[in-house]
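Residue numbers (the working numbering): 66 to 810.
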């Protein structure tokens, strides 16, 4: 009633002269059903009625309280007279909304939630207000979130909540037709925040409450909000717009399967037993004891599983297929004393069948898995990569693989995605030496005859400063990149030693006696051995991470590296909460070029999980489209020497939720994303009307059997000579025989 009287006072006596407008500011939360049932939906409506509708319905609708309140509160709720209803109704020129952490959520009585779930979706609240109160003009008079009271200038968490809320307001305007005409951030500077006191901060300006003069210092959020105001929102950035163009001739379009489906069950044709068909009684085959047919040699066609996988790969139109060998199964004892010849033969057949259909096998010698790191038990049991004997065992294993599979495999990966999160510094040291020794082994003993290439594949996710305006956050991002990628990359692709950032940081933290981490040193000979032990730079990339220097969330804070992991809640995320950030791939590729030069680069794995109930596979289609387009930008605009791109993964059977083929009831079904990827492959990128035509020479079909003849040219020449001599001899014998016959006649 007080509000209504003031509104009428202004309307009758001041509006004609002052021409202003007046309203009441109402605070609200948003709530969503615990389960999508009719009862829960009604409880959500009741929650909003009790918090927002209590004041909004009398003013914006009919001058009376919501029916749910009148029903539940009965005599506790006062009644308006008909005159009061008319007096209160319509006493607002706009809808002033407050949606913030304190009033909307933290001070909300738990009973007002009616056992439903709170949500910070400002867009949905705006849509509800628009629908419930007859499309009013809305002015957001208070909105933001909060950061810890210890956070100073780099308030990244505040920035990304602010970004979310402003974006949701923009979506409500653009897509939902909500009439929002203003937005206000709370607050200008840090202050006393209700029941939270000084334990949180919500200001754009930092205040040191312990100082005498209480000087105001602008936070990173000031710069962010200033940019939003300057641009009046979030206009598309030119660097984020898709481009048209194609990749070079011979670009490797691939698919990944960590471990191929191995089924060495012998075919029925290998059974030498003789059977009689009992057509009268049992209708079954009866084995005849003591009678055997001649045994025949095994052939690749005996492996039915290979034919199926090859046909699925052909349907994709990929040119390369990347998979890893199982060291622990090939050499169960970790040495050549016991060899799984059946498995080796299976791998040989698989590789040769790939070549037969013009798909290049890309084979990793070792990929760490959870159980025993995929090492033979004898090696895993005695220290794994901590033990230097594992280095020599890996070299001997690699020699065996090169010898057994090298006729079919020309594209080798020594180690695929060694996880630095699970490596000690000693283990990483030995792993680098093992890789280098295997590279030199191939280079000296196998490259000339097999004519292949070999390198290591590293996992490399991009790391972005959470506050792009903060030097501290930029330093943190560089530090994380060096620890995550540079640790194994710098010795191989750089100067033969670990990144200086790593050594300096470890020296710093060791000096304060909190830790005792020893990063080993390479001898000069070891540096020469490791440096340059590559033919290309292979990387796996899945996402981008934001990092900050201010400790905000203890759960996501790394005390060792003094880094806070930050989540941009406006980013797309997969069902497993992996961020989809296509531009991160381009930034990573540019970083590789700037740091390691014009090295050939392959994106060996890039993929996203899905919800297996999703029919249209939309997220992965979006993922493939935009990540490949960012790769194209790196190639065409940044001159990155990009040679190939591989999608992870082949099918859901071996990598659940990541496959381009679903696997249900023993059947493989292509997802829509497979068809989209195939279209990009067929076009070799994203050609447009003005894209110049690229004339590529036709590729000659690979011949896995040709290696036998190429390496035995002298023998072939001798056999050819004998064959020609034999033909000539037969000719002369026939010729003279006929002459003799004519003479006697």
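Just so it is clear, CB atoms sit at the ideal spot from N, CA and C, and this is done for glycine as well.
Only counting the same chain, and skipping five residues up and downstream in sequence, which positions put a Cβ closer than 8 Å to that of residue 378? Exclusion of the five residues before and after residue 378 leaves 320, 386, 419, 422, 424 and 715 as the residues of its chain whose Cβ lies within less than 8 Å of its Cβ.
Beta-bridge pairing of residue 165 - partner residues as DSSP gives them: Listed as beta-bridge partners of residue 165 by DSSP are 209.
Which listed residue (520, 462, 789 and 451) has its alpha carbon closest to that of residue 494: 451
Output the boundary residues of the beta strand (DSSP E) element that contains residue 692. Residue 692 -> not in any beta strand (DSSP E); alpha helix (DSSP H) instead, spanning 683 to 701.
Closest to residue 303 by C-alpha separation, out of 728, 698, 532 and 432, would be which residue? 698
Minimum C-alpha distance to residue 315 - residue among 748, 553, 129 and 486: 748
Going by DSSP, what residue range makes up the alpha helix (DSSP H) through residue 234? 221 to 239
Specify whether the stretch 134 to 151 and the stretch 165 to 185 touch according to this definition: at least 3 beta carbon pairs, one from each stretch, less than 8 Å apart. no
Apply the 10 Å Cβ neighbour rule to residue 164 and answer buried if 16 or more other Cβ atoms are within range, or exposed otherwise. buried
Distance check for residue 376 and residue 323, CA to CA, integer angstroms please. Across the structure, residue 323 and residue 376 are spaced so that their CA atoms are roughly 18 Å apart.
Close-in-space but distant-in-sequence residues of the same chain around residue 119 (CB under 8 Å, 5 per side omitted): 130, 131 and 134
Provide the residue span of the alpha helix (DSSP H) that contains residue 351, from first to last. Not the alpha helix (DSSP H): residue 351 falls in the beta strand (DSSP E), residues 350 to 357.
Residues in the same chain with beta-carbon distance under 6 Å from residue 222, minus the five sequence neighbours each way, listed in chain order, please. 212 and 617
State the Cα-Cα distance for the pair residue 783 and residue 790, rounded to the nearest angstrom. 11 Å
Which stretch, first to last residue, makes up the beta strand (DSSP E) that contains residue 322? 317 to 322
What would DSSP say about residue 251, mapped onto helix, strand or coil? coil
Can you give me the C-alpha to C-alpha distance between residue 672 and residue 687, rounded to a whole angstrom? 11 Å
Is the stretch 398 to 409 touching the stretch 341 to 355 in the sense that three or more CB pairs, one from each, lie closer than 8 Å? no
Whole angstroms are fine: how far does the CA of residue 674 sit from the CA of residue 641? 7 Å
Do the stretch 635 to 649 and the stretch 586 to 599 meet, that is, are 3 or more Cβ pairs less than 8 Å apart? no
Please report the residue range of the alpha helix (DSSP H) in which residue 81 lies. 80 to 83
Distance, residue 250 Cα to residue 110 Cα: Cα to Cα, residue 110 sits roughly 27 Å from residue 250.
For residue 659, does the count of other Cβ atoms within 10 angstroms reach 16, so buried, or fall short, so exposed? So residue 659 ends up on the exposed side.
Where do the ends of the beta strand (DSSP E) carrying residue 885 lie? With the chain represented from 66 up to 810, any question about residue 885 goes unanswered, as that position is not in the structure.
Helix, strand or coil for residue 97 per DSSP? Note: residue 97 maps to strand in three-state DSSP.
Opposite residue 427 in the DSSP bridges: which residues? 387 and 476
Tell me the residue span of the alpha helix (DSSP H) that contains residue 408. 406 to 421
Tell me, please, which residues DSSP counts as bridged to residue 337. DSSP lists no beta-bridge partner residue for residue 337.
Nonlocal neighbours in the same chain, by C-beta distance under 7 Å from residue 247, ignoring five residues either side: 204 and 205
Rounded to the nearest angstrom, what separates residue 760 and residue 224 at their Cα positions? 49 Å
Compare the C-alpha of residue 612 against each of 605, 654, 679 and 544 and name the closest. 544
Three or more C-beta pairs under 8 Å: does that hold for the stretch 552 to 563 against the stretch 598 to 612? yes
Does DSSP put residue 523 in a helix, in a strand, or in coil? strand
Counting C-beta neighbours from all protein chains within 10 Å, is the total for residue 381 16 or more, i.e. buried, or is it exposed? buried
Going along the chain, which residues of its own chain have a beta-carbon closer than 6 Å to the beta-carbon of residue 502, five neighbours each way excluded? Closer than 6 Å at the Cβ level, and outside the excluded window around residue 502, lie 460.
Under a Cβ-count criterion, where at least 16 other Cβ atoms within 10 Å of its own Cβ denotes burial, should residue 180 be classed as buried or exposed? exposed
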